[in-house]
Amino acid sequence: MTEEKISPELFEHLVGLAAIALDPTQSEYLRSELNKQLNVIEELKAIPIDESVPLASHGVVINAQNMPALRLDEPRPSDHAKRIIAQSPESEDGYFVVPEIPHEDI
Amino acid sequence: MALIDLSASELIARIRRKEIKATEVLDSALERIQAVDGRPGSLDGLPVTAEDEKKVHAFITLTDELARQQALEVDRKIAHGEDPGLLAGVPVTIKDIFCMDGVLSTAASRILSNFKAPYTATSVARLQDAGAVVLGKVNLDEFTYGSSSESSAFQPSPRNPWDTSRVPGGSSGGSTASVAAGEAPLSLGTDTAGSIRQPAAFCGVVGVKPTYGRVSRYGLIAFGSSLDSPGPISRTVKDAARMLQVIAGPDRHDSTALNQPVPDYLAELKKDIRGMRIGLSPDYFNLSFPDPVTGELQYAEIQEEIGAAVTDAAEVLADLGAIIVENVPMPNCRYAIPAYFAISRVEAASNLHRFDGVKYGYRTPEDVGDLIELYRRSRAEGFGLEPKLRILMGMYVSAAEHASAYYQKALKVRSMIRNDFDQVFDPHGEHQLDALLTPTTATTAFKRKAVYGNSVLMQYSDQMTVTSNHAGVPALTLPGGLDENGLPIGIQLIGNDFREDMILRIGNAYEQITADEAWRKVRPQVLQGEVIA
Chain A
1 MTEEKISPEL FEHLVGLAAI ALDPTQSEYL RSELNKQLNV IEELKAIPID ESVPLASHGV
61 VINAQNMPAL RLDEPRPSDH AKRIIAQSPE SEDGYFVVPE IPHEDI
Chain B
107 MALIDLSASE LIARIRRKEI KATEVLDSAL ERIQAVDGRP GSLDGLPVTA EDEKKVHAFI
167 TLTDELARQQ ALEVDRKIAH GEDPGLLAGV PVTIKDIFCM DGVLSTAASR ILSNFKAPYT
227 ATSVARLQDA GAVVLGKVNL DEFTYGSSSE SSAFQPSPRN PWDTSRVPGG SSGGSTASVA
287 AGEAPLSLGT DTAGSIRQPA AFCGVVGVKP TYGRVSRYGL IAFGSSLDSP GPISRTVKDA
347 ARMLQVIAGP DRHDSTALNQ PVPDYLAELK KDIRGMRIGL SPDYFNLSFP DPVTGELQYA
407 EIQEEIGAAV TDAAEVLADL GAIIVENVPM PNCRYAIPAY FAISRVEAAS NLHRFDGVKY
467 GYRTPEDVGD LIELYRRSRA EGFGLEPKLR ILMGMYVSAA EHASAYYQKA LKVRSMIRND
527 FDQVFDPHGE HQLDALLTPT TATTAFKRKA VYGNSVLMQY SDQMTVTSNH AGVPALTLPG
587 GLDENGLPIG IQLIGNDFRE DMILRIGNAY EQITADEAWR KVRPQVLQGE VIA
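Pasting the structure below:
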C-alpha cells in the first residue's frame, strides 16, 4: 500500500489554491478520495514509456488543413454587452460590482 | 402504441404526409412525461417518497411553451408547402449542460441554478433549425462529473426506466432515461469518458460519441476540452444517423470543430457490410481495477452475459458477410483510466475557475470582506462534492513538482492509446480493421447508492469507453440483449476518425437483422401495464 501522498497540510494548501472552503467532514472524505485516486494515477509511473513517445494533447490529427481559418482581423461591433451584464449578480453602469480587492504591501 | 413511441424517422414521414401534426406528437410526449416522469429534479431538498421511487425524473426544466411554438411553426410550414427540416416535429430533450438562450442552463449545479444563458449552443441551434421540438433540459451528474447521474444537485436524480431502483448511468442519465421511457425519440447528450455510451447501454438505447471535432462544442459547458463531444441518443441507429447529420460539421465559433466533409449518413446506412473487417480484442473482455485494500491492479472477467452478447453479435455480423478478426491487441487500454484521471482533472479544474460568483451564476449572500472571500464562499456553497474533488485533484496533478510524473506522463500514455487504434485501423497494417466490436460496459445497470461515494470505482465503469475519448475516434453503443435480470446490455462499435458512417452502417445492419428477437419486445418497467390507446 503506497503511503498517503496528500497530508492534511498539503490538502489545506490545495483547498486554498482551488478557492473553495470545506468543513472537517468534507475535508476528511475528499482527502481520502484524493489519496485513493492517486494510487490509481501512481500506476502511470510504472508504465514503461520510450523517450521518443510524444505528448498528445488530443487524439485526432488537427492541422492547418482541417482547422477552420481564423477570421479576418477586422473590428466587428458586438451588441451583447447588455445581455452579458444582465447575467451578473450585481452590476452598475455596465461594470461588474465586487467587494474590496485585497491589497498587499510590497 | 402512443405516437411518442414511434421512431423519429416514422414521425417525420407521417408529419410530412400530413397524417399527423407536430402539435399532436408534442401532446403525446407531454402525456408520457406526465405519466412516468414524476417531479423534476430541483434544489428544494424535499424527501424522496415511495411514489417518487417509481418515476423516471429525467427532467430539470420542461420548456413546454417553447415546444408548442416550435411545433406550431412546423405545422405552419407543412401547411404552406415549406421545407420543415430534417427533424420536422420530432421532440428532443437536451442534457442540461448546453446553453439555451433565455432558458435555465444549470449544469445540474447550484452554482448555475439561476443562470439563463444569453445564447444557444450550436448543436442545439442546429436541431432547432432542423425543426426539432425541444421539450426541455434533462438531468445529469453535476458538471457531467460521474457515471450514474446521482451527483446532481437537482434531486430526485434520474432513475433507470427498466428498474427504477437502479441508476440510468451517467453523466447523460436524464437523456438516456427520457428516450428509454419514450418521453422523446431523441436526446442530445455529451461524452467525455463514456457519458453517452455507458448510460445508453444501461438504458437500452442507441448512443453515439462522434469523432472529436465532428460536432461543435460551442455552448457546451466545458468539462474536458480535449475529450468532450456532443452526440445523439435515440432508440434506432437510423434516428441517430439522422440527428448526427443535423449537428455535425464545422462551426466558426469552435476552432476544434474541424473542416471535414459530412457524409450523407442516411445514404450510407443503405449499404451492406459484406467484406467489412470487424475486430475483437481480448483487452476489452476483462476489466482491471485497483484492489480496494492493497491498491494493486486486479483483473476480472466482465459480466458473462455481456461477453456472450458481443460474441453473438460477432456471429450475426459474420452471417451478414463481415470478416471477424480475433485476438486484436489493444495493449495500452489498461492504462486508460489512470491517464484519464490525470488529464481530465487538470482540464476540469481549469474549466471551473470561471465560476467565481462575479459574472453570472451563484454569488454567496454572506457578508464577505474581500473579493477572494467572495470567490471562496461562492464556490464552497455553489459546488457539490464531486466538482470540488476534481478541482483539488487538478490542482495537485498540474503543480510544477508533479506535472512531469503524472500529467505529462498521462499525455504520453494518450499517444500510446491513440497508437493502438492507428495500428489496427491502418489500411496497410496487420489487421486492417473497419471497426472494433467490444462490450460497452463491464456490468449492467447497478443499484442506486451502490457505487456513489467511491470515486475510483465509479470512474472504472468507463473502462471500455474512455479509450475512444483519449484517441478521439468515434464509437457507438447499441442494444444487444437483456441480462437475466431483464436489464439492457450494450454492445459497442469503435471506428476510425470521421468514419461514423462505417459504425452506423454496421450497427444498422445488426439492428435490422435482429429486429424480431424476443428481447426487443420487452418494455421498460415504467411502461409496463400502460394502457395502449
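Respectively, the protein sequence lines represent chains A and B.
Its first residue numbered 1, the first sequence is counted upward by one per residue in this note's numbering.
Its first residue numbered 107, the second sequence is counted upward by one per residue in this note's numbering.
From the three backbone atoms N, C-alpha and C, an ideal C-beta is built for every residue, glycine too.
Predicted model, so just to flag it, every value in this text is computed and none were measured.
Selection from the options that minimises the alpha carbon distance to residue i
i	options	result
residue 194 of chain B	B/600, B/240, B/534	B/240
residue 71 of chain A	B/425, B/251, B/359	B/359
residue 132 of chain B	B/178, B/267, B/630	B/178
residue 220 of chain B	B/468, B/460, B/598	B/468
residue 366 of chain B	A/87, A/65, A/88	A/65
residue 416 of chain B	B/190, B/392, B/403	B/392
residue 489 of chain B	B/257, B/582, B/215	B/215
residue 166 of chain B	B/248, B/530, B/121, B/614	B/248
residue 364 of chain B	B/353, B/370, B/371, B/372	B/353
residue 550 of chain B	B/583, B/514, B/589	B/589
residue 197 of chain B	B/152, B/114, B/255	B/114
residue 522 of chain B	B/438, B/253, B/609, B/508	B/438
residue 33 of chain A	B/230, B/278, B/565	B/565
residue 459 of chain B	B/625, B/547, B/544, B/485	B/485
For residue j and residue i, the rounded distance between their alpha carbons
i	j	result
residue 29 of chain A	residue 493 of chain B	14 Å
residue 374 of chain B	residue 232 of chain B	21 Å
residue 570 of chain B	residue 474 of chain B	46 Å
residue 243 of chain B	residue 170 of chain B	11 Å
residue 225 of chain B	residue 207 of chain B	4 Å
residue 18 of chain A	residue 498 of chain B	6 Å
residue 27 of chain A	residue 36 of chain A	14 Å
residue 637 of chain B	residue 54 of chain A	With a pLDDT of 47 at residue 637 of chain B, under the threshold of 50, the modelled position of that residue is not reliable, and the figure given next carries that caveat. Computed Cα separation, rounded: 60 Å.
residue 477 of chain B	residue 97 of chain A	10 Å
residue 664 of chain B	residue 102 of chain A	Chain B is shown only over 107 to 639; residue 664 of chain B falls outside these bounds and no answer can be derived.
residue 585 of chain B	residue 286 of chain B	11 Å
residue 86 of chain A	residue 92 of chain A	10 Å
residue 1 of chain A	residue 510 of chain B	The predicted position of residue 1 of chain A is uncertain, since its pLDDT is 43 and thus under 50; no value can be drawn from it.
residue 368 of chain B	residue 410 of chain B	38 Å
residue 450 of chain B	residue 57 of chain A	11 Å
residue 211 of chain B	residue 345 of chain B	26 Å
residue 481 of chain B	residue 462 of chain B	5 Å
residue 336 of chain B	residue 326 of chain B	8 Å
residue 491 of chain B	residue 452 of chain B	17 Å
residue 310 of chain B	residue 160 of chain B	18 Å
residue 108 of chain A	residue 382 of chain B	The shown model of chain A, from 1 to 106, leaves out residue 108 of chain A, and the question about it has no answer.
residue 218 of chain B	residue 147 of chain B	14 Å
residue 532 of chain B	residue 567 of chain B	29 Å
residue 13 of chain A	residue 621 of chain B	58 Å
residue 46 of chain A	residue 512 of chain B	11 Å
residue 403 of chain B	residue 118 of chain B	50 Å
residue 190 of chain B	residue 419 of chain B	37 Å
residue 205 of chain B	residue 80 of chain A	15 Å
residue 598 of chain B	residue 574 of chain B	11 Å
Residue-level contact to chain A via CB, residue i, 9 Å cutoff
i	result
residue 353 of chain B	no
residue 120 of chain B	no
residue 576 of chain B	yes
residue 327 of chain B	no
residue 489 of chain B	yes
residue 456 of chain B	no
is_contact[residue i, chain B] using C-beta, thresh 9 Å
i	result
residue 72 of chain A	no
residue 57 of chain A	yes
residue 106 of chain A	no
residue 90 of chain A	yes
residue 83 of chain A	yes
residue 9 of chain A	no
residue 102 of chain A	yes
residue 75 of chain A	no
residue 24 of chain A	no
Coil, strand or helix - residue i by DSSP
i	result
residue 357 of chain B	strand
residue 581 of chain B	strand
residue 61 of chain A	coil
residue 238 of chain B	coil
residue 511 of chain B	helix
residue 8 of chain A	helix
residue 330 of chain B	coil
Report task. Check whether the region 256-263 of chain B touches the region 596-604 of chain B, counting contact only when three or more Cβ pairs, one atom from each stretch, lie closer than 8 Å. Result -> Contact between the region 256-263 of chain B and the region 596-604 of chain B is absent: fewer than 3 CB-CB pairs across the two stretches fall below 8 Å.
Query raised in the report: Taking three-plus beta-carbon pairs below 8 Å as touching, is the region 270-285 of chain B in contact with the region 549-560 of chain B?
Result: The region 270-285 of chain B, when compared against the region 549-560 of chain B, does touch it at the 8 Å Cβ threshold.
Query raised in the report: Would the region 290-304 of chain B and the region 422-434 of chain B be scored as touching if the rule is three or more Cβ pairs under 8 Å?
Result: no
Report task. Please determine if the region 278-292 of chain B and the region 322-334 of chain B are in contact, where contact requires at least 3 C-beta pairs separated by less than 8 Å. Result -> no
Query raised in the report: Are there three or more Cβ pairs, one per stretch, closer than 8 Å when the region 567-583 of chain B is compared with the region 515-533 of chain B?
Result: yes
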